[in-house]
Amino acid sequence: MGISGKLFFTSNPPGVYEKLQDKSVFIAGAGGLGSNVAIALVRAGIGSMTIVDFDKVEPANLNRQQYYRDQVKMMKVDALRMNLARINPDLKIKTICEKISPENIDDIIPASAGIIFECFDRAEAKAMFSEFCLKNRKAIPLITVSGLAGLGSSDEIKIKKAGKKFWVIGDGKTEMNPENGTVSSRVALVSAIQAHIGIRILLGLEK
Amino acid sequence: MKIILNGKSKNVEAKNLQALLLELKFDPERALVSLNGNVVEKKKFSKTALSDGDKVDVFSFVGGG
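Here the protein sequences line up with chains D and Z, keeping their order.
Start counting the first sequence at 234; every next residue gets the next number (our numbering).
Start counting the second sequence at 186; every next residue gets the next number (our numbering).
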């Protein structure tokens with residue numbers, strides 16, 4: 234990136250952009266969590282990321298996910314690639330349009346990455362994914378989410394360090410369903426915590 | 186037998202992990218389980234026997250994202 238590109242990152246704390254430029258992250262899911270995490274990371278100056286998702290943008294996603302009305306029906310990975318490129322055209326982004334399953338997970342998750350962000354919606358997928366990563370990608374920090382629906386207080390969102398390189402964020406109880414719904418502010422809150430822990434890990438600040 | 190469940194001592198009837206999850210009313214499909222510090226794969230829950238004094242950590246995920 235030339236000098237002009239760096240200008241966009243000059244308000245970061247000193248050294249953040251330079252350090253994040255060399256880092257890569259893996260984001261599993263491009264919904265409310267994944268799209269918000271990706272945007273927070275690209276604004277901080279992450280150098281490269283891989284994003285996996287198999288869904289299309291739906292009208293009902295737009296209350297909380299980082300897409301626009303003219304992107305409805307696009308594949309989420311394609312729409313997110315466009316939106317991230319508008320923030321930083323120099324970001325190296327790899328998108329994979331597939332549903333992660335026990336059969337393909339080992340091929341999809343890279344052997345090395347700075348951080349793995351679990352950003353799925355279904356609890357079963359979260360459990361399957363985390364189990365795989367904690368067994369087979371032990372060296373890579375894993376940041377997962379459990380419980381963000383409804384209108385509970387921000388104070389209910391907890392950060393739990395559940396292992397040496399394993400974090401769980403959320404209220405631990407509020408399931409997404411039509412009764413609870415999910416509001417933009419709470420998803421943004423949780424995904425910002427997820428992204429922030431990730432940035433701190435990449436900068437060597439998180440123990 | 187007596188196990189250490191999520192850091193607390195507990196008497197349980199179950200003889201394996203699958204039975205333990207059902208006894209404790211956890212959905213095995215949503216659960217992340219470690220036995221004596223090692224994560225156990227879901228497909229091995231019913232084959233993984235429990236012994237007295239085992240340290241079991243169960244984390245149950247909630248959907249949404």
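Virtual Cβ for every residue (Gly too), placed ideally from N, Cα, C.
CB contact check: residue i to chain D, cutoff 7 angstroms
i: G222 (chain Z); result: no
i: F246 (chain Z); result: yes
i: L205 (chain Z); result: no
i: G192 (chain Z); result: no
i: E208 (chain Z); result: no
i: L217 (chain Z); result: yes
i: E198 (chain Z); result: no
i: E249 (chain Z); result: First, the amino acid is wrong: residue 249 (chain Z) is Gly here, not Glu. For G249 (chain Z), the answer is yes, since a Cβ of chain D falls inside 7 angstroms of its Cβ.
Residue i burial status per 10 Å Cβ neighbour count (16 or more: buried)
i: G437 (chain D); result: exposed
i: E336 (chain D); result: exposed
i: E364 (chain D); result: buried
i: R419 (chain D); result: buried
i: I320 (chain D); result: exposed
i: L206 (chain Z); result: buried
i: P374 (chain D); result: buried
i: S234 (chain Z); result: One detail in the question is off: residue 234 (chain Z) reads as Ala in this sequence, not Ser. When all chains shown are included, A234 (chain Z) counts as exposed.
i: R433 (chain D); result: exposed
i: A372 (chain D); result: exposed
i: K398 (chain D); result: buried
i: K256 (chain D); result: buried
i: N410 (chain D); result: exposed
i: Y301 (chain D); result: exposed
Anticipated Cβ contact below 8 angstroms, residue i with residue j, distance rounded
i: G264 (chain D); j: N294 (chain D); result: 7 angstroms
i: I376 (chain D); j: Q299 (chain D); result: So it is not a contact: roughly 18 angstroms between Cβ atoms.
i: C330 (chain D); j: F287 (chain D); result: 6 angstroms
i: G405 (chain D); j: G431 (chain D); result: Their Cβ separation, rounded to whole angstroms, is 20 angstroms, which puts G405 (chain D) and G431 (chain D) out of contact at 8 angstroms.
i: A356 (chain D); j: V247 (chain Z); result: 6 angstroms
i: I390 (chain D); j: W400 (chain D); result: In fact, because the Cβ distance is near 12 angstroms, the residues do not count as touching under 8 angstroms.
i: V275 (chain D); j: L240 (chain D); result: That pair is no contact at about 15 angstroms.
i: M308 (chain D); j: K289 (chain D); result: 6 angstroms
i: T328 (chain D); j: V305 (chain D); result: About 18 angstroms; that fails the 8 angstroms criterion.
i: I348 (chain D); j: R370 (chain D); result: With a Cβ gap of about 11 angstroms, I348 (chain D) and R370 (chain D) do not count as contacting.
i: L253 (chain D); j: I272 (chain D); result: The Cβ separation is near 14 angstroms, so there is no contact.
Any chain Z beta carbon closer than 7 angstroms to residue i
i: F353 (chain D); result: yes
i: L313 (chain D); result: no
i: A425 (chain D); result: no
i: E336 (chain D); result: no
i: L436 (chain D); result: no
i: E291 (chain D); result: no
i: S417 (chain D); result: no
i: E331 (chain D); result: no
i: V378 (chain D); result: yes
i: M307 (chain D); result: no
i: E412 (chain D); result: no
i: A360 (chain D); result: yes
i: M282 (chain D); result: no
i: L367 (chain D); result: yes
i: E357 (chain D); result: yes
For residue i, the residue or residues it bridges with in DSSP
i: I434 (chain D); result: Per DSSP, none; premise fails for I434 (chain D).
i: D242 (chain Z); result: Z:S219
i: N196 (chain Z); result: Z:K187
i: A234 (chain Z); result: Z:N201
i: T328 (chain D); result: D:I284
i: V225 (chain Z); result: Z:V218
i: M315 (chain D); result: Paired residues: none, contrary to the question.
i: M307 (chain D); result: In DSSP, M307 (chain D) forms no bridge with anything.
- If you scan the region 255 to 291 of chain D from start to end, which runs of the beta strand (DSSP E) of 3 or more residues do you find wholly inside it? 257 to 261, 281 to 285
- Task: Note down, one range per segment and in chain order, each alpha helix (DSSP H) of at least 4 residues found wholly within the region 336 to 371 of chain D.
- Result: 338 to 341, 356 to 369
- Every unbroken beta strand (DSSP E) within the region 372 to 436 of chain D, with a cutoff of 3 residues, ordered by chain: 375 to 378, 391 to 396, 399 to 403
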